[in-house]
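Participant:
Number of protein chains: 2
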Amino acid sequence: MELYTDEYFMREALKEADKALAISEVPVGAVVVCKNRIIARAHNQTEKLTDATAHAEMLAVTAAANYLGSKYLSECTLYVTLEPCVMCAGALAWVQLQKLVYGASDVQRGFSLVSTPLLHPRTTTVKGIKADECKKLIDTFFARIRK
Amino acid sequence: MELYTDEYFMREALKEADKALAISEVPVGAVVVCKNRIIARAHNQTEKLTDATAHAEMLAVTAAANYLGSKYLSECTLYVTLEPCVMCAGALAWVQLQKLVYGASDVQRGFSLVSTPLLHPRTTTVKGIKADECKKLIDTFFARIRK
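In the order they appear, the protein sequences are chains C and V. For the first sequence, our numbering gives the first residue as 1, with consecutive numbering after it. For the second sequence, our numbering gives the first residue as 1001, with consecutive numbering after it.
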């Protein structure tokens, strides 16, 4: 029984990434969890919405805040299949996220490439959960569009 | 005649900031200009939308992309009364903004506090336009809520 583990919720984020892949978006998915319940789920929709800021994390965070009726997600965990970019890390700081869990590292655009800490000081971070599966989806996507 | 100067468009951004102040939001305003036309205007709405990511810049950029039907704002200038934060700078990088003009510096949260360059390499930046007026609005707001 592995309910409520990081792996469990990352699998849900991966389901969102699958949805992105199915509509030819860069396959990144995210879920927001509060008290072991998923309160928001989203996938990258930059093409569909013609909005370069419509990353999975931004959409998930806004949906979660809307659900809770609170600007702050200080009792929430965000699971996302790819390391957040600087924009998303900045958003996670503003919402005072409790915990960030990401799958694959983003060696091109990941927020950890910036030496200044960008997350809220109280946010804890776990990385590498189901990293191979998360990365494989991304690689599949880019292999497909480069054909 | 001072049409189409940075000061002219910053005055329009200040009008947006005034609207924010009127509804007790942190008074930051922004306009997006393309070929000397304002194609989007927005003010901070974090309280109204219960969304810590609803900064003037994010709303203006999304509206401008929607108007143009393009993910990229590579022929656009964003005028904003306060120096963008890290999240907003990241968003401006994704949209490949041509030019950023801001008024007051944000010594607490401004993106320039991060030593890594966060904007797109092709984005040019002008700062300090109507800085005193921009800062005065912010100071007025915080003096009011601290009473």
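For every residue, glycine included, the Cβ atom is placed at its ideal position computed from N, Cα and C.
What is the DSSP secondary structure of R37 (chain C), reduced to helix, strand or coil?
Facilitator: Residue numbering aside, residue 37 (chain C) sits at position 37 when the first sequence is read from its first letter. In the structure shown, R37 (chain C) sits in a strand (DSSP, three-state: E or B).
Participant: Is the CB of A65 (chain C) under 8 angstroms away from at least one CB in chain V?
Facilitator: By 1-based counting over the first sequence, the position of residue 65 (chain C) is 65. It does; some Cβ of chain V falls within 8 angstroms.
Participant: Leaving out the 5 sequence neighbours to the left and right, which residues in its chain are closer than 7 angstroms to Y67 (chain C) when beta-carbon positions are compared?
Facilitator: If you number the first sequence from 1, residue 67 (chain C) lands on position 67. So the list reads I39 and A40, once near-sequence residues are dropped.
Participant: Which residue marks the beginning of the beta strand (DSSP E) containing Y1102 (chain V), and which one marks its end?
Facilitator: Residue mapping note: residue 1102 (chain V) aligns to position 102 of the second sequence, counting from 1. First-last of the beta strand (DSSP E) with Y1102 (chain V): K1099 to A1104.
Participant: What whole-angstrom Cβ distance do V28 (chain C) and V61 (chain C) have, given they're in contact under 8 angstroms?
Facilitator: Working through the first sequence from its first residue, we reach residue 28 (chain C) at position 28. Working through the first sequence from its first residue, we reach residue 61 (chain C) at position 61. Not really, about 14 angstroms apart at Cβ, beyond 8 angstroms.
Participant: Let me check understanding here. Comparing Cα to Cα, which of V:P1084, V:A1131 and V:L1078 lies closest to L1118 (chain V)?
Facilitator: Position 118 of the second sequence, counting from 1, holds the residue named residue 1118 (chain V). Closest by alpha carbon: V:P1084.
Participant: Can you give me the start and stop residues for the beta strand (DSSP E) that L1082 (chain V) sits inside?
Facilitator: Walking along the second sequence from the start, residue 1082 (chain V) turns up at place 82. Unbroken beta strand (DSSP E) run through L1082 (chain V): C1076 to L1082.
Participant: Run down chain V in chain order and give the residues with a C-beta less than 9 angstroms from the C-beta of V80 (chain C).
Facilitator: As a first step, residue 80 (chain C) must be located in the first sequence, where it is residue number 80. Going along chain V, no residue has its Cβ under 9 angstroms from V80 (chain C), so there is no contact; the nearest lies around 15 angstroms.
Participant: Since K71 (chain C) meets chain V, which of its residues come closer than 7 angstroms, beta carbon to beta carbon?
Facilitator: Position 71 of the first sequence holds residue 71 (chain C). Correct list: T1046, T1050, D1051 and A1052.
Participant: Which same chain residues, not among the five before or five after D106 (chain C), have their C-beta less than 6 angstroms away from its C-beta?
Facilitator: Counting from 1 along the first sequence, the entry for residue 106 (chain C) is found at position 106. Here the set comprises L82 and E83.
Participant: Are there 16 or more other CB atoms within 10 angstroms of the CB of Y4 (chain C), so buried, or fewer, so exposed?
Facilitator: Within the first sequence, residue 4 (chain C) is the residue found at index 4, counting from 1. The residue in question, Y4 (chain C), is exposed, as its Cβ has fewer than 16 Cβ neighbours within 10 Å.
Participant: Around the C-beta of N36 (chain C), are 16 or more other C-beta atoms found within 10 angstroms, so that it is buried, or is it exposed?
Facilitator: Looking up residue 36 (chain C) in the first sequence gives position 36. Answer is exposed; the Cβ neighbour count stays below 16.
Participant: Of the residues V:T1050, V:S1115 and V:A1065, which one's Cα is nearest the Cα of G69 (chain C)?
Facilitator: To locate residue 69 (chain C), count along the first sequence from 1; it is residue 69. The candidate whose alpha carbon is nearest that of G69 (chain C) is V:T1050.
Participant: Please decide whether S105 (chain C) counts as near chain V, where near means a Cβ-Cβ distance under 8 angstroms.
Facilitator: Walking along the first sequence from the start, residue 105 (chain C) turns up at place 105. No, S105 (chain C) does not count as interfacial toward chain V.
Participant: Mind listing which residues of the region 1118 to 1129 of chain V have their C-beta closer than 9 angstroms to chain C's C-betas, in chain order?
Facilitator: The residues in question are L1118.
Participant: With T1140 (chain V) as the anchor, note down where its alpha helix (DSSP H) starts and where it stops.
Facilitator: Against the second sequence, residue 1140 (chain V) aligns to sequence position 140. Unbroken alpha helix (DSSP H) run through T1140 (chain V): A1131 to I1145.
Participant: Near K1048 (chain V), which residues of its chain fall below 7 angstroms by C-beta distance, leaving aside the five closest residues on each side in sequence?
Facilitator: For the purposes of this step, residue 1048 (chain V) is taken as residue 48 along the second sequence, with counting starting at 1. The answer, listed in chain order, is I1023 and E1025.
Participant: If I measure Cβ to Cβ from Y79 (chain C) and keep anything under 6 angstroms in the same chain, skipping five residues before and after, which residues do I get?
Facilitator: By 1-based counting over the first sequence, the position of residue 79 (chain C) is 79. Only F9, M10, A13, V31 and V101 meet the Cβ criterion.
Participant: With a threshold of 8 angstroms between beta-carbons, can S115 (chain C) be considered close to chain V, or not?
Facilitator: Translated into the one-based positions of the first sequence, residue 115 (chain C) becomes position 115. By this cut-off, S115 (chain C) is an interface position.
Participant: So, for A1065 (chain V): in the same chain, excluding its five sequence neighbours on each side, which residues have a beta-carbon less than 7 angstroms away from its beta-carbon?
Facilitator: Counted from its first residue, the second sequence places residue 1065 (chain V) at position 65. Same-chain partners within the cutoff: K1071, L1073 and V1095.
Participant: What residues of chain C sit near V1061 (chain V), judged by a beta carbon separation below 7 angstroms?
Facilitator: Position 61 of the second sequence, counted from the start, is the residue given in the question as residue 1061 (chain V). Those within 7 angstroms of V1061 (chain V) in chain C are T53.
Participant: Reducing DSSP to helix, strand and coil, say where C85 (chain C) ends up.
Facilitator: Along the first sequence, one-based indexing puts residue 85 (chain C) at 85. The answer is coil: DSSP assigns C85 (chain C) none of H, G, I, E or B.
Participant: What residues from chain V crowd round C76 (chain C), counting only those whose CB sits closer than 9 angstroms?
Facilitator: Within the first sequence, residue 76 (chain C) is the residue found at index 76, counting from 1. In chain order: nothing, as chain V lies at least about 12 angstroms away.
Participant: Below 8 angstroms on the Cβ atoms is my guess for D130 (chain C) versus G103 (chain C); work out the distance and round it to an integer in Å.
Facilitator: The sequence position of residue 130 (chain C) within the first sequence is 130, counting from 1. The sequence position of residue 103 (chain C) within the first sequence is 103, counting from 1. It is worth fixing the name first, because residue 130 (chain C) is Lys in this sequence and not Asp. Indeed, because the Cβ distance is near 5 angstroms, the residues count as touching under 8 angstroms.
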